[in-house]
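One line per chain: the protein sequences are A and B, in this order. Per numbering that gives the first Met the number 0, the first sequence runs over residues 0 to 357. Per numbering that gives the first Met the number 0, the second sequence runs over residues 0 to 291. Contents: one structure, followed by commentary.
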Amino acid sequence: MRFLFRTDYNQDIDLFQFRLDRFWYGMLFASLATAPLWLDDYWISQVTYVAGFSISVLGLMLLAGFTGQVSLGHAAFVGIGAYAEAILMQRGVPFPISLILAGVLSGLIGAVIGLPALRLVGIYLAIATFAFVIIVQEVLTRWESLTGGNNGLRVPELTLFGLAIDQDWKFYYVTIVVAVLCFLGVVNVLRSPTGRAFIAIRDSEIAAQSLGVHLARYKTMAFALSAAITGIGGGLFAHKAGYLSPESFGLIGSINLLVAVLVGGIGSVHGAVFGAAFIAVLPQIIALLKDLLPDALAHQPGLEAGVFGLILVLTILFEPLGIYGRYRKLLFYVSIFPLYKRATFKRQKSYTRTERVH
Amino acid sequence: MVEFVQLTVNGIAIGCIYALVALGFVLIYKATETVNFAQGDLMMLGAFIAYSCIALWGLPYLVGILIAVAVLAAVGTGLDRIVLRPVVGQPTFAIVMLTIGIGTMFRAGASMTPGWGTETYSFATPYSGSTLRFGTVVIAAEHMTIILATIGLCAGLFAFFRFTKLGVAMQASSQNQLAAYYMGIPVKTMFSLIWGISAGVAAVAGILMAPISLVDINMGFIGLKAFPAAVLGGFGSIPGAIVGGLIIGVIEALAGFYLPAGFKDTAAYIVLLVVLFVRPHGLFGQMARKKV
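The structure is reproduced here in structure tokens:
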């Protein structure tokens, strides 16, 4: 077990709590930077997908995991970001600016959607955002002059400062840089007073309000920030996919994002990456398993959805902190070996939390 | 004018389906403050079981309905007992996702069940094809059955909650768990039974809807339209859910005819957002802010 002797405030809000962390993140960074040298194109493309998707998941994580607001509508922000990016590029806006504008647009719409959120509790918010995603999807389908409707929209080739990003490894670097910037940004927000206000709202709105947190301001801010980050993820998705059509941005997309948040580990930035990797890897694992399964089961079209639902249910029932939570527990087990007690992480008895007044 | 009346009647029929699904949401929400996103999939399951009984095994229509409702009631009770009770007290978010996961599993399960699969089915009803005429307005027997069955079911549920000991016990557990415990009501069992009732209501909705929309594994998505209905009614009020369902049904039918394409599917949600903006707790909402 490691003890941290705090000697000043900066240590408390340091990005890396332990010196060893710095080493491991350095290693991670180095391996990401050199990945195209020792990974083939297939894996580079996979890592790019996970990195890009993890940005969108991170956006939702900020809202659901750190501010405690449920949104079933985040696929709409992915869609808005993706379409904005494609349309801006078509109109000749250069790349980094178009991506930022896509994020800003998505963030503004997020702020507008956040407004009713100030008055909505729990389930009403989930349903309002659910209505939002369906309306946005319909708008994307019907506004044919701008989005091409059901025929889809081709995304222009990406060029960065006159340099064509035409190969997988080039786009990989673009994605990784954007992803690292987004993650650093979110980690920084979270250790600032703003981030602490978000977490306070998640833990108890009433307590946060009593401590002087302006609920309306911070909830809107959380919504806007979350939507902006998700939109940036959407912008990258546009380039990765090369072709956009409205059905990618419906309720199913939102549920995928939420599953990524939950399975990755709600309330942790690492969880966003784990969750994105889970969503990317699961269909492939199922495809591999199909060879092993009996024929009658392997060719069922519902197999993937079924496994998906099963993992979701099992995660919530048995590991509410997701992959990251499990990882922390393993780490703890190893670090205090052999003194681990089975009851350490036993779930506390819990009672219904009511939103009603009796 | 005839056209308008005709559309309204059709809208009311569809609205009754929404109302029944919304009723299921509200029963569960009132009792356990959980929103069951799998309600639509329970409806699908009910329709499929009725299809199996009637079309595959050749049982009489009414027997098929009874079996489907009974099976679904058991499924609902089991769901509460096995899956939802362990997560009591978890954040809303987790429970919502749990029910979404359950819904996905039901859909996948139905698609894998031999004899069901991903195709679209229909089963014969004693009243298929006949129509009723009121002056110039024509009502399909399917629509009429839906309306009558909904009225009957609502009256039955009202009587149950009002006049039976069990129903009153359920109301008590919904209103105040702690006080209900002190009065000796087995609150947990009540909750499981409420889940059972609401799954049974979903089965009825599915069976009633089968003649007009056919049976397939995605019919549960129609249940999603019941969300606007339930919210419109305030989510905690049973009459509210019924009125909300009817309003949504009529709005949808009229929007589909008088407004440009695209509004049919979104009208309900636009109404929902507007209502939430104006009255955050629905038209008949009665939720007050929690005080310290």
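Every residue gets a Cβ at the ideal spot worked out from N, C-alpha and C, and that includes glycine.
Asked                                                                                                                                                          : Found
Tell me, please, whether the CB atom of Arg325/A is closer than 8 angstroms to any CB atom in chain B?                                                         : no
DSSP state of Val214/B, grouped into three classes?                                                                                                            : strand
Give me the residue from Thr265/B, Leu207/B and Asp40/B with the minimum Cα distance to Tyr60/B.                                                               : Leu207/B
Once the 5 residues before and after Leu258/B are set aside, which same chain residues still bring their CB inside 8 angstroms of it?                          : Ala266
What do you reckon, are the CB atoms on Gly39/B and Leu245/B nearer than 8 angstroms?                                                                          : no
Quick one: measure Cβ to Cβ for Leu57/A and Val268/A, integer angstroms, because I've assumed they're closer than 8 angstroms.                                 : 7 angstroms
Would you mind sorting Lys239/A into buried or exposed? The rule is 16 or more other CB atoms within 10 Å of its CB.                                           : buried
Closest to Ala109/B by CA distance: which of Leu44/B, Ile211/B and Gly243/B is it?                                                                             : Leu44/B
Below 8 angstroms on the Cβ atoms is my contact criterion, and I expect Thr219/A with Leu139/A to pass it. Report the Cβ-Cβ distance as a whole number of Å.   : Actually they are not in contact, since the Cβ atoms of Thr219/A and Leu139/A sit about 24 angstroms apart, beyond 8 angstroms.
Is Ile250/B closer than 8 angstroms to Leu22/B when the C-beta atoms are compared?                                                                             : no
By the DSSP assignment, the beta strand (DSSP E) with Val86/B in it spans what residues?                                                                       : Val86/B -> no beta strand (DSSP E), and no H or E assigned at all.
Rounded to a whole number of angstroms, what is the C-alpha to C-alpha distance between Ile285/A and Tyr82/A?                                                  : 31 angstroms
Does chain A have any CB closer than 8 angstroms to the CB of Val86/B?                                                                                         : yes
Could you give the uninterrupted runs of the alpha helix (DSSP H) lying entirely in the segment 231-277 of chain B, keeping only those of 4 residues or more?  : 237-257 and 262-277
Classify Asp165/A as buried or exposed, calling it buried when 16 or more other Cβ atoms lie within 10 Å of its own Cβ.                                        : exposed
Which chain A residues sit within Cβ distance under 8 angstroms of Pro185/B?                                                                                   : Within 8 angstroms Cβ-Cβ: nothing; Pro185/B doesn't reach chain A, min ~16 angstroms.
Would you grab the beta carbon distance between Gly261/B and Tyr28/B for me? Rounded to a whole angstrom, and I think it's under 8 angstroms.                  : With 8 angstroms as the limit, Gly261/B and Tyr28/B do not qualify as a contact, their Cβ atoms being about 30 angstroms apart.
Tell me the rounded alpha-carbon separation between Val360/A and Val186/A.                                                                                     : The displayed coordinates of chain A run from 0 to 357. Any statement about residue 360/A would go beyond what the structure contains.
Please classify Thr258/A as buried or exposed, where buried requires at least 16 other C-beta atoms within 10 Å of its C-beta.                                 : The question names Thr, but residue 258/A in the sequence shown is Val. Buried: at least 16 other Cβ atoms inside 10 Å.
Do you know offhand how far Val46/A's Cα is from Pro300/A's?                                                                                                   : 27 angstroms
Shorter than 8 angstroms from the beta carbon of Ala127/A to some beta carbon of chain B?                                                                      : yes
For the segment 225-247 of chain B, which residues have a beta carbon sitting closer than 9 angstroms to at least one beta carbon of chain A?                  : Phe226, Pro227, Ala229, Val230, Phe234 and Gly235
Suppose contacts are defined by Cβ-Cβ distances below 8 angstroms. Is Phe248/A in contact with Val262/A by that definition?                                    : no
Determine whether the Cβ of Gly308/A lies closer than 8 angstroms to any Cβ atom of chain B.                                                                   : yes
Buried or exposed: where does Leu292/A fall if 16 or more other Cβ atoms within 10 Å of its Cβ makes it buried?                                                : exposed
Cβ of Gly113/A less than 8 angstroms from any chain B Cβ?                                                                                                      : no
Taking just the CA atoms, how far does Ile11/B sit from Ile138/B?                                                                                              : 11 angstroms
Could you check whether Phe76/A and Gly270/A sit closer than 8 angstroms to each other, using their CB atoms as the reference points?                          : no
Find the residues of chain A that neighbour Pro276/B, judging by a C-beta separation of less than 7 angstroms, and give them in chain order.                   : Note that residue 276/B corresponds to Phe in the displayed sequence, not to Pro. Going along chain A in sequence order, the residues near Phe276/B (Cβ under 7 angstroms) are Pro115.
With a cut-off of 8 angstroms on the beta carbons, I'd call Gly78/A and Ala101/A a contact; round off their distance for me.                                   : About 11 angstroms separates the two Cβ atoms, so there is no contact after all.
Any contact between the segment 119-127 of chain B and the segment 140-152 of chain A? By contact I mean 3 or more CB pairs, one from each, below 8 angstroms. : no
Starting from Phe133/B, follow its DSSP beta bridges and name the residues at the other end.                                                                   : Val136/B
Checking the sheet assignment: what are the DSSP bridge partners for Leu162/A?                                                                                 : Leu159/A
Can you list the residues of chain A that Met111/B reaches, using a CB-CB cut of under 8 angstroms?                                                            : Leu296, Gln299, Gly301, Leu302 and Gly305
State the beta-bridge partners of Leu152/A as determined by DSSP.                                                                                              : Leu243/A
Pull up the distance between the alpha-carbon of Gly75/B and that of Leu183/A, whole angstroms please.                                                         : 45 angstroms
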